[in-house]
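Asker: Under our numbering, think of the first position of the sequence shown as 41, with each following residue one higher.
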Amino acid sequence: MSGHRDDYAVSGEYIDLLIRPWWDAFGPAVAEALRGLPTGDAPLLDVGAGSGLGVACAVAELPGAEVLAVEPSPLLRAVLLARAAADPALRDRVTVLAADLLTARLPERVSGVLALNVIGHFAPDDRERVWADLAKRLAPGGRIVVNLAPPFTPTDVPKAPMGEARIGRNRYAGHAEARADGPDRITWHMTYEVHGEDGVAPPVEVAYPWWTLTPDALRDEAAAHGLEARPTGPAEAGLFALEATAA
Ligand SMILES: C[S@@+](CC[C@H](N)C(=O)[O-])C[C@H]1O[C@@H](n2cnc3c(N)ncnc32)[C@H](O)[C@@H]1O
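In C-alpha cells:
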C-alpha cells in the first residue's frame, strides 16, 4: 500500500460515530440500490469500506452475498474488523482487504460495487483508472453504487457542524470547512471535539484534498466506460447507480 495517504490516521476514531447519521438517513436508499444484484458467483466490492456501515447494509440486503471490503486505513479497518467479528452474519461473509483500491488484488468478477463517501479521494487520473477497472470486472446485471456530495465544483464552504453523537457522558462533535484549492479540487478542514463534564478536550484537526465532480461529469465519465449513471434514491443522498449500457 506504499504511496497511499491515510487521511483517517488521526480522525478514524470519530468516523463511525459521525458518519452514522448519513447511513441512518440514506442506508435504506443504498439498500434499495443494491436490490437484486447477481451475487451468486461473485462478491460485492465495498471500496473504502470505512468502519463497515455499508458492509452491514449490504449483508442485510443481499442474503448469502459475499462482501469484499477494501479499506486502507488501519484505524478504520480495526473498527470494521470488530464489527465483522461481533456479528455472525458478517463474520462468515465479509473479507477485509488491507489495501488501497488502486493497488488492490481484486477478483476477476464482482457482482456490484459500493463506493460511498469516498469518490472524492481519487484524483481525476486515478478515478479514470477506477472506472476502467471496475467496468471490466462488473458481472452482467451488476452495478456500481456511488454518491456525490456538494460542493460539486471547487467552492469555499464555511465552517458548519457535520455531525454529533453522545456516548456516555461525552458528546462528540465534528465540523467541516472547505477551501477551493485549484481546478476540481477543494481541501476539507475537519475539526473533531469531545465535550465532557470537565469541558472540551483540545480539538483534533485534519485537512485533506477532495476532488470535486459534478453529476454531469460523472455521467460522462461513466459513459466513456460503457456505463450509464442513473440517479437513485432521494436527491439529498446524491446516489447514482452505474450499469452497463444496453448493447
Ligand atoms: C469518509 S470514509 C467513508 C467510509 C464508508 N464508505 C462509509 O460511507 O461509511 C472514506 C473511506 O475511503 C477510504 N479510502 C480513501 N482512499 C482510498 C483508496 N485509495 N482506496 C480505498 N479506500 C480509500 C478511507 O480510508 C475511508 O475509509
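Where a beta carbon is used, it is the ideal one built from N, C-alpha and C, also for glycine.
Predicted model, so just to flag it, every value in this text is computed and none were measured.
Taking its Cβ as the centre, do 16 or more other Cβ atoms sit within 10 Å of V240, making it buried, or is it exposed?
Answerer: V240 should be labelled exposed.
Asker: Measure the alpha-carbon distance for R117 versus E111 and round it to whole angstroms.
Answerer: Taking the straight line from one Cα to the other gives about 6 Å.
Asker: With respect to 7 Å, is the separation between the Cβ of E283 and the closest non-hydrogen atom of ligand 1 below this value?
Answerer: False, no ligand heavy atom lies under 7 Å from that Cβ.
Asker: Tell me the DSSP secondary structure of V107 in three-state form.
Answerer: In the structure shown, V107 sits in a strand (DSSP, three-state: E or B).
Asker: Shortest alpha-carbon distance to G181 belongs to which of A49, A281, W171 and R123?
Answerer: Looking at the Cα atoms, A281 is the closest of the given residues.
Asker: When the Cα atoms are used, what is the spatial distance from H161 to D224?
Answerer: Taking the straight line from one Cα to the other gives about 12 Å.
Asker: I think P137 touches A144, with their Cβ atoms under 8 Å apart; what is that distance to the nearest whole Å?
Answerer: Here the sequence assigns Leu to residue 137, which means Pro is not the residue at that position. L137 to A144, Cβ: 6 Å. Contact.
Asker: May I ask whether a heavy atom of ligand 1 can be found less than 7 Å away from the beta carbon of S51?
Answerer: Because no heavy atom of ligand 1 lies under 7 Å away, the Cβ of S51 does not count as near it: no.
Asker: What does DSSP give as the partner residue(s) for G152 in the beta ladder?
Answerer: Answer is L84 and R183, bridged to G152.
Asker: Output needed for P198: all residues of its chain with C-beta closer than 6 Å, excluding positions within five of it in sequence on either side, in chain order.
Answerer: So no residue of the chain qualifies.
Asker: If you reduce the DSSP assignment to three classes, tell me which class R206 lands in.
Answerer: Here R206 sits in strand by DSSP.
Asker: So L84 packs on V107, CB below 8 Å; how close in whole Å?
Answerer: Yes, they are in contact, since the Cβ atoms of L84 and V107 sit about 5 Å apart, within 8 Å.
Asker: What ranges does the beta strand (DSSP E) occupy inside the segment 216-240, keeping only unbroken runs of at least 3 residues that lie completely in it?
Answerer: For the segment 216-240, whole beta strand (DSSP E) runs of length 3 or above, ordered along the chain, are 225-236.
Asker: Quick one: using the 10 Å Cβ neighbour count with 16 as the cut-off for buried, is N210 buried or exposed?
Answerer: Counting Cβ neighbours within 10 Å, N210 comes out exposed, since fewer than 16 surround it.
Asker: From the DSSP output, in three-state form, read off L93 for me.
Answerer: In the structure shown, L93 sits in a helix (DSSP, three-state: H, G or I).
Asker: What does DSSP give as the partner residues of E245 in its beta bridges?
Answerer: T231, per the DSSP bridge assignment.
Asker: Can you give the Cα-Cα distance for E237 and R60, rounded to whole angstroms?
Answerer: Cα to Cα, E237 sits roughly 24 Å from R60.
Asker: Give me the Cα-Cα distance between A262 and P103, rounded to the nearest whole angstrom.
Answerer: Roughly 28 Å between the two C-alpha positions.
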